[in-house]
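> Dropping the structure in here first, questions after.
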Amino acid sequence: MDPARAGARELARAISASSVSSRELVRYYLDRIAASDLNAVVTLDAERALADAARADERTGPRGPLHGVPITVKDAIATAGLRTTCGSPELATHVPAEDAPAVARLRAAGAVVLGKTNTPTWCGDIQTYNEVFGVTHNPWDRTRTPGGSSGGSAAAVADGLCAFDLASDIAGSIRIPAHFCGVYGLKPSAGLVPGEGYIDHVGGGLVAADGNVLGPICRRAEDLGLVLDVLTGSPGPPARREFRAAVWLDDPACPVGSDTAAVLEEAVAALGAAGVRLARPRPPVPFEQLWQLHLDMVLAAVAYNLPDEALPPATATHRGWLARSEDRARARAAWARWFADYDVLLCPVTAMPAFPHDHAGDIGTRVIDVDGEPRPHMSTIGWCGLFSVLGLPSVVVPAGLTRDGLPVGLQVVAPHLADRTAIAFAELAGVSFADGVCAGPPSGAAGSACDREAAS
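This is how it looks when you write it as C-alpha cells:
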C-alpha cells in the first residue's frame with residue numbers, strides 16, 4: 001500500500017489490521033508535507049498529531065471508522081488550539097478555543113488532524129493565495145492555480161499529503177479545486193452537515209453562512225460516503241445502483257471550452273457504454289435566471305467582507321433578501337419536480353481546466369482565455385453556482401485529461417438529501433472513465449487514486 005495513493009477507507013483497514021500504525025502514517029505525511037513545493041499545508045500540528053496517533057495505536061477498546069487516519073482541515077474551519085486564519089492578516093494569529101462541530105465529529109471518529117490547508121483571503125477567489133501564507137500551486141502544473149477557495153485542500157489530497165481534507169463550498173469552493181486537481185469532492189446537501197465554525201470574517205463561526213456547506217475532498221469516491229456518514233452522525237439510506245442520468249454539458253449562458261467539452265463528452269459516452277440510461281432534457285429553470293439568483297444570494301451571504309456598493313441591489317436590504325429567498329424556494333421546488341424523472345444530472349464544473357496564476361486585480365476584474373475568447377473569471381464558474389443556490393448535493397468525479405494534460409472533472413448532481421445517490425454514481429463513474437487521471441500529476445506525486453485499480 002502506498003499511503004500517498006491510498007484512500008481513507010483503505011488506510012483505516014490497514015491500521016485496524018496492524019499492517020501500518022497511525023504514527024507511521026503521520027510521520028510519512030509530515031515528511032511529504034515538508035518535501036512538497038505546493039504550499040498546500042500552511043499550519044502544522046505535528047506534536048499533537050503524533051501524540052494523537054500514539055494514543056490511537058495504543059487503544060484497545062472500540063475504534064471509530066477513521067481510527068488513526070491522518071487528515072487536514074481547510075484554514076477557514078475552526079480547529080481548537082490550532083491557528084485558523086481564512087488567509088486574512090486580521091486573523092493571522094487567531095487560535096480558536098473549540099473545534100467546529102464537523103471537525104469534532106471527525107476527531108471523535110478517530111481522525112488525526114495534521115494541520116490546515118491554504119485558502120484565498122476570506123475564501124473569496126477561485127485561486128488560492130493570500131498575504132499570510134502566499135501562493136498555493138497546482139500539482140499538475142506549478143504555473144497554474146489549484147483553484148479556490150479550497151485550493152490548498154485539493155492540492156494536498158492530490159499530492160498525497162493526507163488521507164483526505166475537510167473543506168467548504170458556497171459557490172464551487174470544493175468542486176472547482178477538485179476539478180482543477182483531479183480528485184473527488186463532495187458538496188453536501190444544504191443543511192445536512194453542521195456548518196458552524198466556518199470563519200469567513202472577524203468574529204465569524206457562530207452561525208452557518210447561508211448557502212455554505214462543509215464537505216470532503218478525497219482520492220477515492222468510496223471515501224466520500226465514509227466521511228459523510230461521520231459528518232452527519234449516521235449512515236444514510238442505501239443508494240440505487242441503476243441510474244437514469246440527465247446530461248447538460250453546455251449552455252449559451254456559460255459556454256464550455258472545447259478541450260473541456262471533449263473530455264466530458266467522452267466520459268458521458270463511457271457511462272452510456274456502462275449501462276447508464278442517458279437523456280438530454282431541458283432544465284426546468286434557465287441557466288441565466290439561476291445564475292443571477294445565485295449571485296444575489298451568495299453576495300448577501302458574504303456581505304461582511306463587501307463594501308456597501310458591491311452588494312447586489314436585489315438583496316441589499318433584508319426585505320430584498322426575503323423576496324429572493326422566496327424565488328430560491330420556487331426554483332428548488334421546480335428542480336425537485338424535475339428530478340422525479342432522473343436520479344442524477346451530469347454537467348461541467350467550470351468552462352475550463354486550471355489556468356495560470358493571475359494575481360492582478362481581483363476576481364471581479366480578471367479575465368481568462370477560453371478558446372481564444374477573453375471571458376471574466378466569474379462568467380466561467382456559473383455551473384457551480386446553479387447548484388449552490390439550489391442546495392443540491394454535488395460530487396466532482398475526475399473524468400480525464402485535456403490535450404495539455406490537465407484534469408477535467410464531471411459534476412454529478414442529485415436531488416436534495418440524495419447525497420449517497422451522487423456518491424454511488426461517482427463510484428460507478430470512477431470505474432468507467434479513462435485511466436488518465438489515475439496516474440496522478442506528472443511530477444510523480446500521488447494524484448487521484450484510480451477507482452478502476454481499486455475495483456480490479
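Residues in the sequence shown are numbered from 1 upward in steps of one, following UniProt numbering.
Every residue gets a Cβ at the ideal spot worked out from N, C-alpha and C, and that includes glycine.
For clarity, every value in this text was computed on a predicted model and none was experimentally measured.
Check whether the segment 54–69 touches the segment 178–187, taking contact to mean three or more Cβ pairs, one atom from each stretch, closer than 8 Å.
These segments do not touch.
> Helix, strand or coil: which one does DSSP assign to Thr72?
The residue you call residue 72 lines up with position 72 of the sequence shown. The answer is strand: DSSP assigns Thr72 an E or B state.
> Any idea what DSSP makes of Thr121, helix, strand or coil?
Within the sequence shown, numbered from 1, the residue matching residue 121 stands at position 121. The answer is helix: DSSP assigns Thr121 an H, G or I state.
> Cα separation between Asp223 and Ser234?
In the sequence shown, counting from the first residue as 1, residue 223 sits at position 223. In the sequence shown, counting from the first residue as 1, residue 234 sits at position 234. So the two alpha carbons sit approximately 15 Å from each other.
> Return the Cβ separation of Leu410 and Ala267 in integer angstroms, given the expectation that the two are a contact with Cβ distance under 8 Å.
Here the question's residue 410 lines up with position 410 in the sequence shown. Here the question's residue 267 lines up with position 267 in the sequence shown. Indeed, because the Cβ distance is near 5 Å, the residues count as touching under 8 Å.
> Determine, using beta carbons only, whether Ser22 and Asp57 come nearer to each other than 7 Å.
Looking up residue 22 in the sequence shown gives position 22. Looking up residue 57 in the sequence shown gives position 57. Their beta carbons are under 7 Å apart, which means Ser22 touches Asp57 by this criterion.
> Excluding the five sequence neighbours on either side, which residues of its own chain have a C-beta within less than 6 Å of the C-beta of His357, listed in chain order?
Along the sequence shown, one-based indexing puts residue 357 at 357. Contacts found: Thr145.
> How about Ala354 and Val397: do their beta carbons lie closer than 7 Å?
In the sequence shown, residue 354 corresponds to position 354, counting from 1. In the sequence shown, residue 397 corresponds to position 397, counting from 1. No, these two residues do not count as a Cβ contact at 7 Å.
> Report the residue ranges of all beta strand (DSSP E) runs contained in full by the UniProt domain "Amidase" (319–421); include only those spanning at least 3 residues, in chain order.
The UniProt domain "Amidase" (319–421) contains these whole beta strand (DSSP E) runs: 344–348, 367–370, 373–376, 394–401, 407–413.
> Pull the bridge partners of Pro286 from the DSSP assignment, please.
Translated into positions along the sequence shown, residue 286 becomes position 286. Its beta-bridge partners do not exist; DSSP assigns none.
> Answer yes if the segment 391–406 comes into contact with the segment 181–199, meaning at least three C-beta pairs across the two stretches below 8 Å, and no otherwise.
Because the criterion of three Cβ pairs below 8 Å is met, the segment 181–199 and the segment 391–406 touch.
> Assuming Ile217 is part of the beta strand (DSSP E), what are its boundary residues?
The count along the sequence shown starts at 1 and reaches residue 217 at position 217. Segment 213–218, the beta strand (DSSP E) holding Ile217.
> Got a sec? Which residues, its chain only, sit under 6 Å from Gly148 by beta carbon, not counting five neighbours each side?
Numbered from 1 along the sequence shown, position 148 holds the residue referred to as residue 148. If we look at Gly148 and ignore the five residues flanking it on each side, its Cβ neighbours are Pro120, Asp125, Ile126, Gln127, Thr128.
> Going by CA-CA distance only, name the one from Thr260, Ala171, Thr402, Trp383 that's closest to Pro283.
Indexing the sequence shown from 1 puts residue 283 at position 283. Ranking the options by Cα distance to Pro283, first place goes to Trp383.
> Once DSSP output is grouped into helix, strand and coil, what is the label at Asp37?
Taking the first residue of the sequence shown as 1, we reach residue 37 at position 37. Correct three-state label for Asp37: coil.
> Classify Pro237: buried if its beta carbon has 16 or more other beta carbons within 10 angstroms, exposed otherwise.
Taking the sequence shown and counting its residues from 1, the one referred to as residue 237 is at position 237. Answer is exposed; the Cβ neighbour count stays below 16.
> In angstroms with no decimal places, state the Cα-to-Cα distance between Glu242 and Asp341.
By 1-based counting over the sequence shown, the position of residue 242 is 242. By 1-based counting over the sequence shown, the position of residue 341 is 341. Going by the C-alpha atoms only, they are around 13 Å apart.
> Can you tell me whether Asp2 is buried or exposed, with buried defined as 16 or more other CB within 10 angstroms of its CB?
Locating residue 2 in the sequence shown gives position 2, where the first residue counts as 1. Classification for Asp2: exposed.
> Using the Cβ count rule (16 or more neighbours within 10 Å means buried), how would you classify Asp37?
By 1-based counting over the sequence shown, the position of residue 37 is 37. The residue is exposed, with fewer than 16 neighbouring Cβ atoms inside 10 Å.
> Determine, using beta-carbon pairs with one atom in the segment 371–386 and one in the segment 294–301, whether at least three such pairs fall under 8 Å.
Short answer: they touch.
> Which one or two residues does DSSP pair with Phe164 in a beta bridge?
As a working note, residue 164 is residue 164 in the sequence shown. Per DSSP, Cys218.
> Are the beta-carbon atoms of Asp45 and Val113 separated by less than 7 Å?
Here the question's residue 45 lines up with position 45 in the sequence shown. Here the question's residue 113 lines up with position 113 in the sequence shown. Cβ distance < 7 Å, so Asp45 and Val113 count as in contact.
> Can you round the beta-carbon distance between Leu386 and Trp291 to whole angstroms, since I take them to be within the 8 Å contact cut?
For the purposes of this step, residue 386 is identified with residue 386 of the sequence shown, where counting begins at 1. For the purposes of this step, residue 291 is identified with residue 291 of the sequence shown, where counting begins at 1. The Cβ separation is near 6 Å, so the contact holds.
> If we ignore side chains and look at the alpha-carbon of each, how far apart do Gly400 and Leu299 end up?
Position 400 of the sequence shown, counting from 1, holds the residue named residue 400. Position 299 of the sequence shown, counting from 1, holds the residue named residue 299. Taking the straight line from one Cα to the other gives about 33 Å.
> Of the residues Ala167, Asp210, Thr402, Ala35, which one's Cα is nearest the Cα of Arg328?
Start at 1 with the first residue of the sequence shown, and residue 328 comes out as number 328. Of the listed residues, the one whose Cα sits closest to Arg328 is Asp210.
> In angstroms, rounded to a whole number, what distance separates the CA positions of Ala429 and Glu90?
For the purposes of this step, residue 429 is taken as the residue at position 429 of the sequence shown. For the purposes of this step, residue 90 is taken as the residue at position 90 of the sequence shown. Cα to Cα, the separation comes out at about 43 Å.
> Quick one: is Gly203 buried, meaning 16 or more other Cβ sit within 10 Å of its Cβ, or exposed?
The count along the sequence shown starts at 1 and reaches residue 203 at position 203. Flag for Gly203 reads exposed.
> Where do the N-terminal and C-terminal ends of the alpha helix (DSSP H) with Asp157 fall, by residue?
The residue you call residue 157 lines up with position 157 of the sequence shown. Residue identity differs from the one stated: residue 157 is Val in this sequence, not Asp. Start and end: 151–158.
> For the structure I just gave you, are there three or more beta carbon pairs, one from the segment 152–162 and one from the segment 25–35, closer than 8 Å?
Segments in contact, yes.
> Going residue by residue through the segment 252–288, where are the continuous alpha helix (DSSP H) segments of at least 4 residues, counting only ones entirely within it?
If we require 4 residues or more, the alpha helix (DSSP H) runs fully inside the segment 252–288 come out as 258–273.
> Three-state secondary structure (DSSP) at Glu10?
By 1-based counting over the sequence shown, the position of residue 10 is 10. Helix.
> Tell me the residue span of the alpha helix (DSSP H) that contains Ala108.
Indexing the sequence shown from 1 puts residue 108 at position 108. Where Ala108 is concerned, the enclosing alpha helix (DSSP H) stretches over 101–108.
> On the premise that Ile77 lies in contact with Leu166, defined as a C-beta separation below 8 Å, what is that separation, rounded to the nearest angstrom?
What you label residue 166 is simply residue 166 of the sequence shown in a count that begins at 1. What you label residue 77 is simply residue 77 of the sequence shown in a count that begins at 1. Right, their Cβ atoms sit about 6 Å apart.
> Considering only the alpha carbon of each residue, which of Val263, Ala109, Val276, Asn118 lies closest to Val349?
Numbered from 1 along the sequence shown, position 349 holds the residue referred to as residue 349. Considering only alpha carbons, the answer is Val263.
> Pro216 to Ala40, Cα distance in whole Å?
Position 216 of the sequence shown, counted from the start, is the residue given in the question as residue 216. Position 40 of the sequence shown, counted from the start, is the residue given in the question as residue 40. Going from the Cα of Pro216 to the Cα of Ala40 covers about 16 Å.
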